[in-house]
Amino acid sequence: MANDSYDAHTLQEKWQARWAKENPFAASEDPADDRPRSYVVDMFPYPSGDLHMGHAEAFAIGDVVARYRFQLGENVLHPIGWDSFGLPAENAAIKHGTHPAEWTYANIETQAESFHRYGISFDWSRRLHTSDPEYYRWNQWFFLRFRERGLAYRKDGLVNWCPKDQTVLANEQVVQGRCERCGTEVVRRTLNQWYYKITEYADRLLEDMAQLEGKWADEVLTMQRNWIGRSQGADVRFAIEGRDEPVTVFTTRPDTLYGATFFVVAADAPLADELCAPEQREAFEEYRAQVAKLSDIERQSTEREKTGVFLGRYAINPVNGDRIPIWAADYVLADYGHGAIMAVPAHDQRDLDFARKFGLPVRVVVETGEADPNDSGVATAGEGKLVNSGPLDGLSKSEAIPRIIEILAERGTGEGTINYRLRDWLLSRQRFWGTPIPIIHCPSCGEVPVPDEQLPVLLPDDLRGADLAPKGVSPLAAADDWVNVDCPECGGPAKRDTDTMDTFVDSSWYFLRYCSPHEENAPFDRDAINKWGPVDQYIGGKEHAILHLLYSRFFTKVLYDMGMVEFTEPFTRVLNQGQVINQGKAMSKSLGNGVDLGAEIDKYGVDAVRLTMLFAGPPEDDIDWADVSPAASLKFLNRAFRVMVQAGEASQPGVDPAEGDLALRRATHQTLDKVTAAVEAQRFNVAIARIMELVTAARRAIDSGPGAADPAVREAAEVIAITLSLVAPYVAEEGWERLGHRGSVAIGNWRTPDPALLVQESVTCVVQVASKVRDKLEVAPDISAEELERLALASEKVRNFIGDRQIRKVVVRAPKLVNIVVG
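In my numbering, the protein residues as written are 32 to 854.
Dropping the structure here:
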């Protein structure tokens, strides 16, 4: 390439080879290395194919964070791994008649090559894959330790079931009632499943968010709080006509008990089946089949029209003896509280919508001053005084709740309690490509854990293609040689558990393994994780704001209790990036708006694509590729490169910049100060804008100022290379080398701005007369309003324009504006 021309692809080949040889981004474990440690983790990718535009954004953001810490001279751990178990690999194996590992590891190698090309500052020696036995062995070890602590157990539960993929789905994997992967209509089934008892940690998960305030997005913390859903209230026991045992409901508003006019049971709860009267059986069965097609998320939507069926039975309100009808409905969930609610339609909108739909009574028991819900159709959920409530009349909510709990306790019909929306973590999956659950089922001994010395329980390697096709149970059930084993306790014939673990297990602790990925005798080296952890900065998409982050927090707390880590929160800071879309919509082959990352890199080069991603807006905003211009980024990189090359040709490193052009030196140091502040605030687009301004100033100094040989131009060019290395590593490395430096620009070169050069010696003050500019004055930044007014009125240009007219008013906004009003 010509001496000052920027050839992106030539530079990529050169510096990829150099980085591979020199490994500049390897974290040091030398005990004598006393540099500050910094741990940066990107949410690891799933190997479903090559990197796409979403990866390009997410990993560019993480790389800026890591490279900035490298530049500050810190000992940075920035690792990479792959979340490599999961259903897509299994479905691909079925389709192509292969083993899931073949598809998985081929895609991993493709992505690894693309990561190298994309210039990400990974420590490749830490690489891990969750589908490696060396990794999933420890999933099994954790499972057994959790089970010993009562945190892993098996029970019957209602689950989302995909009839095509033949496996359980998490709630977030159900979209509009269909499997997000195959589009099949999801049904609800009762299955015996393994669970992690995350509810045991509900209070700590809530309380420890105090550590994260101001460091995680408020939106994410709110989402987690809502998902946990801690509610303080009361359990109330309702007698049921024709049934010996009462039914307990949980309510956060026991003060409104006098307003309960009907009773609702979750349609898919065993209780609904039990309470249904014979004459209502056919209608109930038909309705329950409809509800089975809905996800929990859809059932709780406030926008869905309420549905339900009368069960032909009545409950007795425990405070007033009213006989109230029992209905089955879809807006109550079987696994929330006790699977039944008392409905108070005057003061709960969902209950009111249901009551109006089916003509049920609405009784106001809290006078809030708002319109009567019977007339307005709007429930009054606010504060007020109790009415139509016997001994509670005239009390406020805060007074009435403890009083009604006392009354219920005296009568033996209830007590105060706390409930959670959070459900235990459903662990089981009926598919092959995941971590086998290390339990053996013995007819004599029951559930027997696999001994630690027999871990890992390896997946059989002789199942492939059609062997993996979904059959309603895990494909592992058909592997007779694998399933049939001797019981570790009695030696008799037994069978392995054939379910595999949810892949969220893999991603709940991988950041701990990175600190010692080759440790053979434990999940991780405790000294290593306690030196590096917790993660200083975690980067990933908003779609993982709840479950992945919640599960990681749960895992960390359990491991803290086990004495394995010294911290209770895994991620000190979390940065959630937006999506890359095109023409206002998510990229999709069916919409014809997909953008191929490889093609964009081939056309514009890695640096231009990265720069475009980062300059498009704040990290949390979506990027519409139709609105950005990698071509413009490429033009800027050419300009920046020429500045660095020309400065390098005209001077040598080590010249004293103090002898250079003062105005350019001020611009350089102010840029350095502003870029530092912007990167610290994670406003990378602002940092890039400031770098662009410095390139313009340096270009002006070369073309029409003191010239390329001026020491201030070299200083500006070096700062351009240093700051640009965060976002465009190839051009920065080459520019740094052309400036005569040895070693990578990326390591330990960040500079501190000279405070003296950040102080403005003068500012321009605009003087207006009758709202028109009549003069400009160069004044001190700290000039007083009185002095500025005196100077403005003494200006010959201003005096000439005012002439004989009377000055009515002088408005001074020191140090930048004086406005003189004349009459």
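No residue lacks a Cβ here, since even glycine has one placed at the ideal position from N, Cα and C.
Everything numeric in this text was worked out from a predicted model, so none of it was measured.
- Counting C-beta pairs closer than 8 Å gives three or more between the region 309 to 318 and the region 337 to 348, which meets the contact rule.
- The bridge partners DSSP lists for Glu446 are Asp266.
- In this structure, the alpha-carbon of Gln837 lies about 5 Å from that of Gly854.
- The beta carbon of Pro491 is closer than 8 Å to those of Leu507, Ala510, Asp512 and Trp513 in its chain, skipping five residues each way along the sequence.
- Take the alpha-carbon of Phe586 and the one of Val205: they are about 25 Å apart.
- For the region 58 to 133, the continuous beta strand (DSSP E) assignments of 3+ residues that do not extend past its boundaries occur at 68 to 73 and 106 to 108, in sequence order.
- When DSSP reads this structure, Gly339 sits in a beta bridge with Ala360.
- Under DSSP, Ile838 forms a beta bridge with Val853.
- The Cβ atoms of Gly774 and Ile751 lie no closer than 9 Å to each other.
- Note that the C-beta distance between Val488 and Glu520 is not below 9 Å.
- With 16 or more neighbouring CB atoms inside 10 Å of its own CB, Gln677 falls in the buried class.
- Taken through DSSP and simplified to helix, strand or coil, Pro467 comes out as strand.
- Judged by beta-carbon spacing, Ala183 lies within the 9 Å limit of Leu458, meaning their Cβ atoms are closer than that value.
- In the DSSP assignment, Pro524 falls within the beta strand (DSSP E) that extends over Pro524 to Arg527.
- With fewer than 16 neighbouring CB atoms inside 10 Å of its own CB, Ala500 falls in the exposed class.
- Rounded to whole angstroms, Ala729 and Ala694 show a C-alpha spacing of 10 Å.
- When DSSP states are grouped into helix, strand and coil, Ala747 belongs to the helix group.
- For Ala298, the closest alpha carbon among the candidates Val589, His369, Lys388 and Glu272 is that of His369.
- In this structure, the CA atom of Pro78 is about 25 Å from the CA atom of Trp172.
- At the C-beta level, Ala57 and Ser156 come within 9 Å of one another.
- In this structure, DSSP gives Val199 an extended state, which the three-state scheme calls strand.
- A distance below 8 Å between beta-carbons, with the five flanking residues on each side excluded, links Ser262 to the following residues of its chain, in chain order: Phe281, Thr283, Ile449, Asn450, Tyr451 and Arg452.
- The beta carbon of Phe832 sits closer than 6 Å to the beta carbons of Val800 and Arg805 from its chain, once the five residues preceding and following it are set aside; these are given in chain order.
- Relative to the Cα of His700, the nearest Cα in the group Gly771, Val762 and Gln791 belongs to Gln791.
- Scanning its chain for C-beta atoms nearer than 8 Å, with the 5 sequence neighbours on each side dropped, one finds around Leu580 the residues Val251, Gln255, Phe602 and Val605, in chain order.
- Contact holds between the region 533 to 541 and the region 157 to 171, because three or more Cβ pairs, one in each stretch, are under 8 Å apart.
- Taking C-beta atoms as the reference points, Val295 and Val363 count as a pair closer than 9 Å.
- If the five residues before and after Thr221 are omitted, its C-beta is found closer than 8 Å to the C-beta atoms of Asp187, Gly188, Leu189 and Val190, all from its own chain and listed in chain order.
- Under the three-state reduction of DSSP, Ser459 is assigned to strand.
- Sequence-distant Cβ neighbours of Ile259 in its own chain, meaning closer than 7 Å and more than five residues away, are Ala233, Leu236, Leu237, Tyr451, Arg452 and Leu453.
- Between the region 133 to 143 and the region 94 to 107 there are fewer than three inter-stretch CB-CB distances shorter than 8 Å, so the stretches are not counted as touching.
- In this model, Gln311 and Gly400 are separated by some 40 Å (Cα to Cα).
- By alpha-carbon distance to Ala759, the top candidate from His83, Pro524, Ser69 and Arg98 is Arg98.
- Shown here for Lys588: same chain residues with a beta carbon closer than 8 Å to its own, the five before and five after excluded, namely Tyr232, Arg235, Leu236, Asp239 and Thr599 in chain order.
- One alpha carbon belongs to Pro649, the other to Asp94, and they sit about 15 Å apart.
- Here DSSP, grouped into helix, strand and coil, assigns Ile577 to coil.
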